[in-house]
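Input: a single structure, listed below in structure tokens.
Residue numbers (the numbering used here): 11 to 197.
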């Protein structure tokens, strides 16, 4: 008998705590797999597959058309040239990869040569490049900007490749359809 009584008492206490929380908002429940940007920015597209949730966000702020928000991991503070409009792909609300407007027209993206992530191409420009985790194409663009004759990208998530080639293919100016770019889905 004592175990059943303790179980019922525990359930009663839990019910009281739940009711108090609902009435007074003592605890808030939030998801851990949701980027703050997903809360703040307009969602353009959402897709799921067996291993991830993909969300495309509009990273453009019409109040700043000449200085748009820009996702870059290492752009020089000294760069003051043009920046493209970007859309943002989030993967499981935790990882991000940008889609840059006009990405397939690499010459229109001079900032690529002012980013620390392009260091390998400064050290060894030209030749062929292998981009593991091609995402929305940012590293593919860097390889091309530094004269890679051929870029092979490997991306785990088929949804991202489909978005870059399909739904947002025009936005990125056919980056993954260029004759010098080949992208494979796999791990």
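Note that the Cβ used here is the ideal one computed from N, Cα and C, for glycine as well.
query                                                                                                                                                            : result
Going by DSSP, which residues form a beta bridge with residue 83?                                                                                                : Answer is none; residue 83 lacks a bridge partner.
Could you pull out every residue in the same chain whose Cβ sits closer than 6 Å to the Cβ of residue 56, ignoring the five residues on either side in sequence? : 65
Figure out for me which residue from 91, 108, 131 has the closest Cα to the Cα of residue 119.                                                                   : 91
Considering only the alpha carbon of each residue, which of 16, 125, 70 lies closest to residue 88?                                                              : 125
Can the beta-carbon of residue 151 be found less than 7 Å from the beta-carbon of residue 113?                                                                   : yes
Just checking my contact of residue 81 with residue 96 at CB under 8 Å: how many whole Å lie between their CB atoms?                                             : 6 Å
What does the alpha-carbon distance come out to for the pair residue 48 and residue 67?                                                                          : 7 Å
I need the DSSP call for residue 127, collapsed to helix, strand or coil.                                                                                        : helix
Can you look up residue 115 in the DSSP assignment and give me helix, strand or coil?                                                                            : coil
Verify whether the separation of the beta carbon atoms of residue 99 and residue 163 is less than 7 Å.                                                           : no
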